[in-house]
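Accompanying notes for the structure given below.
Numbering (this note's numbering), first residue to last: 271 to 1041.
Structural data, given as structure tokens:
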């Protein structure tokens, strides 16, 4: 059952219908009212694949998953996770490029997904089975978000599994799984239709963005295909703050997507998918947003230029038997993924450490992956039970490389190469996993048991650029820096879920799952040895790798109830998550003596370490009451999420846990089913903060706030609809805790917290035309 109560701003008829007379135990009824601007049939079902790797209705899933189908994504005109997840308590994200304390070059993760208090690499994100990695170096000194490589307009479905998914998906699924499915021709082709095009566009005053998209699909005998073309231009958010804190941003995104399918009879098909996504942003920092408390020197200007490109190809074969066989269904794919990211940071002003008045710093991050996945399904039925066995193999080869070039720039604008570095070595990562899951249904009981084995091997390669990460003052650069470490790790992850059917409309369930996350390639190996003169004294610090890192692990428990009724639907889920060996980057770890041309120096060591055990628990609930029918008239719907998390090693609150949130929607669908309106209010409480954050001199803790939105939709006919949204209609000034808490360890950057203010009143309008 999705926690999304409002994810679209359009009126659309649900495309997919199911014959309930033909449904078996794995296709039961599900909660409707997923989309407030979706005028559909109450028999329409939301189906999830992520929860069990096999199709199940959301009501019939012992767990919590949010499902965004094609209509949800298409009509929302979302460009970011924050826009798409804005109405789902328990889901959050960041959306900013920040400067950090004394480091205005620091790169925030604009698109970091948060599920029940966990985020970053603890959340697995996949598109068509291809993992989209997230890169983070030096406690978010340099982060690269997955959202740089994903275009939401090219998606046919998106699912978010809350809680560990390691038993099915392996590492990084410690706190949840985000699975994306690309467009299929059937997403816009109606039954029996041979050709169709869909033109949609949206305008958002909040950042002056315009985003037109054109899709075209066809059927010709046993051949089907679809293409999607998208362009978007955008500016900086019009935050409700003083103009002296607003940066200047100019961005444009474009993508080309295509998929062709060849069918062999009714039960076999092969497909080829190709996609290219390019996103570019240039951000000029307002001089008032340049931190005046620089470690050394001052910055007069700062310019951030980002170019990212994602190219992906997937060949997939599907088979589904019409009769009972040993293998009733098979799905296999082979994929190639290329993710390229370049960031150029330019500054002018003094920097006493480097001796350069002006500098250009260009960083290239390249991540290439090839892989395959094989999944088999066997259905076993008898008079006493139904059983579905799902098992498979996944394997991939990953090549990651991050190289940095620093250029000294004269006052005349002449750039001279000052150094080439690999703070992280070029690394190859080989992964493979074997999994099996058994779904058994007997009477009113469902039992789901799963087990997965994962093996991960990392080979890191030294190079001259790796050794250059050591200071030029070192007398033995290679000996001091040392060779990077090779690592091998394996894990076993079990899962067990039990569901009882109270009646045809209500289920209760309980589940346990084990999660893990193997440290990423940039966490195992990093190197930066700095020697500098400060106020007449020579000093040094070293950022080093750690070959002794352990995998993070979790034990996850969840109980819940789901019910679908004529006029009242509801769900309640309670969860408890226990974590061991939490990893943290840039942790101080003693010191070492290094030999330099200015004599022996004591160098403070920073490295990634397993530092803490933690727990997060809470509950989520949603309820919908329909005064008339589910597809017409007045309805009142509420959704809330409460999370409580602690670092048990330090007995401190976890800053990644978001505050209590309650979303209320009053929706009315007019009798002609052509006009709908929705009034939404979001209440957000005060976060619990660690002493590290709250004791900082300039720390700012956001207060309670309410934000009210009004959305209207009009459907002219089956092919044309339009929408209008007025957001933050009372022009409230408010701040997202997920943004503020990421300003740096000591919070001194918060003396200018106004730069993180959310937008005031804004409008969004768009249309969709199928022809």
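Even for Gly, the Cβ is constructed at its ideal location relative to N, Cα and C.
Span separating the alpha-carbon of residue i from that of residue j
{"i": "residue 563", "j": "residue 638", "result": "Summary for residue 563: the model assigns pLDDT 42, below 50, so the residue's position carries little reliability; its value from the coordinates is reported in the next sentence. Straight-line Cα distance between these residues: approximately 39 Å."}
{"i": "residue 309", "j": "residue 698", "result": "Below a pLDDT of 50, predicted positions are generally treated as unreliable, and residue 309, at 36, falls in that range; the measurement from the model is reported next regardless. Rounded to whole angstroms, residue 309 to residue 698 spans 49 Å at the Cα level."}
{"i": "residue 963", "j": "residue 602", "result": "48 Å"}
{"i": "residue 328", "j": "residue 471", "result": "30 Å"}
{"i": "residue 395", "j": "residue 429", "result": "10 Å"}
{"i": "residue 831", "j": "residue 843", "result": "7 Å"}
{"i": "residue 597", "j": "residue 644", "result": "12 Å"}
{"i": "residue 925", "j": "residue 954", "result": "16 Å"}
{"i": "residue 663", "j": "residue 439", "result": "10 Å"}
{"i": "residue 708", "j": "residue 450", "result": "24 Å"}
{"i": "residue 747", "j": "residue 1011", "result": "37 Å"}
{"i": "residue 1027", "j": "residue 511", "result": "6 Å"}
{"i": "residue 862", "j": "residue 874", "result": "7 Å"}
{"i": "residue 669", "j": "residue 611", "result": "14 Å"}
{"i": "residue 335", "j": "residue 605", "result": "26 Å"}
{"i": "residue 793", "j": "residue 754", "result": "11 Å"}
{"i": "residue 712", "j": "residue 585", "result": "37 Å"}
{"i": "residue 321", "j": "residue 779", "result": "14 Å"}
{"i": "residue 331", "j": "residue 969", "result": "42 Å"}
{"i": "residue 659", "j": "residue 399", "result": "20 Å"}
{"i": "residue 477", "j": "residue 353", "result": "12 Å"}
{"i": "residue 413", "j": "residue 758", "result": "25 Å"}
Presumed contact (8 Å Cβ cut-off) between residue i and residue j, rounded CB distance
{"i": "residue 672", "j": "residue 692", "result": "7 Å"}
{"i": "residue 960", "j": "residue 922", "result": "4 Å"}
{"i": "residue 385", "j": "residue 427", "result": "Residue 385 to residue 427, Cβ: 18 Å. No contact."}
{"i": "residue 739", "j": "residue 787", "result": "With a Cβ gap of about 26 Å, residue 739 and residue 787 do not count as contacting."}
{"i": "residue 995", "j": "residue 933", "result": "Not quite, the Cβ-Cβ distance comes to about 15 Å (not below 8 Å), so this is no contact."}
{"i": "residue 888", "j": "residue 845", "result": "6 Å"}
{"i": "residue 978", "j": "residue 937", "result": "At roughly 14 Å, the Cβ-Cβ gap does not stay under 8 Å, so residue 978 and residue 937 are not in contact."}
{"i": "residue 981", "j": "residue 947", "result": "7 Å"}
{"i": "residue 608", "j": "residue 581", "result": "5 Å"}
{"i": "residue 902", "j": "residue 943", "result": "6 Å"}
Residue i: first and last residue of the uninterrupted beta strand (DSSP E) it sits in
{"i": "residue 421", "result": "First-last for residue 421: undefined, no H or E at that position."}
{"i": "residue 640", "result": "628-651"}
{"i": "residue 439", "result": "That residue, residue 439, is in no beta strand (DSSP E); its alpha helix (DSSP H) goes 436-439."}
{"i": "residue 1038", "result": "1032-1040"}
{"i": "residue 518", "result": "518-534"}
{"i": "residue 1025", "result": "That residue, residue 1025, is in no beta strand (DSSP E); it is neither H nor E in DSSP."}
{"i": "residue 731", "result": "715-731"}
{"i": "residue 663", "result": "656-679"}
{"i": "residue 446", "result": "446-452"}
{"i": "residue 881", "result": "871-896"}
Beta-carbon spacing of residue i, residue j below 8 Å
{"i": "residue 897", "j": "residue 904", "result": "yes"}
{"i": "residue 864", "j": "residue 824", "result": "no"}
{"i": "residue 629", "j": "residue 599", "result": "no"}
{"i": "residue 777", "j": "residue 724", "result": "no"}
{"i": "residue 548", "j": "residue 579", "result": "yes"}
{"i": "residue 520", "j": "residue 552", "result": "yes"}
{"i": "residue 406", "j": "residue 379", "result": "yes"}
{"i": "residue 799", "j": "residue 857", "result": "no"}
{"i": "residue 404", "j": "residue 445", "result": "no"}
{"i": "residue 333", "j": "residue 828", "result": "yes"}
{"i": "residue 408", "j": "residue 855", "result": "yes"}
{"i": "residue 616", "j": "residue 588", "result": "no"}
{"i": "residue 1031", "j": "residue 1001", "result": "yes"}
{"i": "residue 710", "j": "residue 717", "result": "yes"}
{"i": "residue 244", "j": "residue 349", "result": "Nothing in the structure corresponds to residue 244, since the chain is present only between 271 and 1041."}
{"i": "residue 443", "j": "residue 436", "result": "yes"}
{"i": "residue 813", "j": "residue 833", "result": "no"}
{"i": "residue 526", "j": "residue 546", "result": "yes"}
{"i": "residue 390", "j": "residue 363", "result": "no"}
{"i": "residue 576", "j": "residue 613", "result": "yes"}
Alpha helix (DSSP H) segment containing residue i, residue limits
{"i": "residue 747", "result": "747-751"}
{"i": "residue 341", "result": "340-346"}
{"i": "residue 735", "result": "734-737"}
{"i": "residue 1010", "result": "1007-1010"}
Alpha helix (DSSP H) runs wholly inside the region 348-407, at least 4 long, in chain order
351-354, all fully within the region 348-407.
What beta strand (DSSP E) runs, 3 residues minimum, are completely inside the region 917-948?
You should have 931-939.
Which runs of the beta strand (DSSP E) fall wholly inside the region 950-1004 and span at least 3 residues, in chain order?
Within the region 950-1004, the runs of beta strand (DSSP E) at least 3 residues long that lie entirely inside it are, in chain order, 975-985, 990-997.
With a floor of 3 residues, list each beta strand (DSSP E) that falls wholly inside the region 773-860, ordered by position along the chain.
Runs of the beta strand (DSSP E) lying entirely within the region 773-860, each at least 3 residues long, are 776-787, 798-804, 807-814, 822-833 in chain order.
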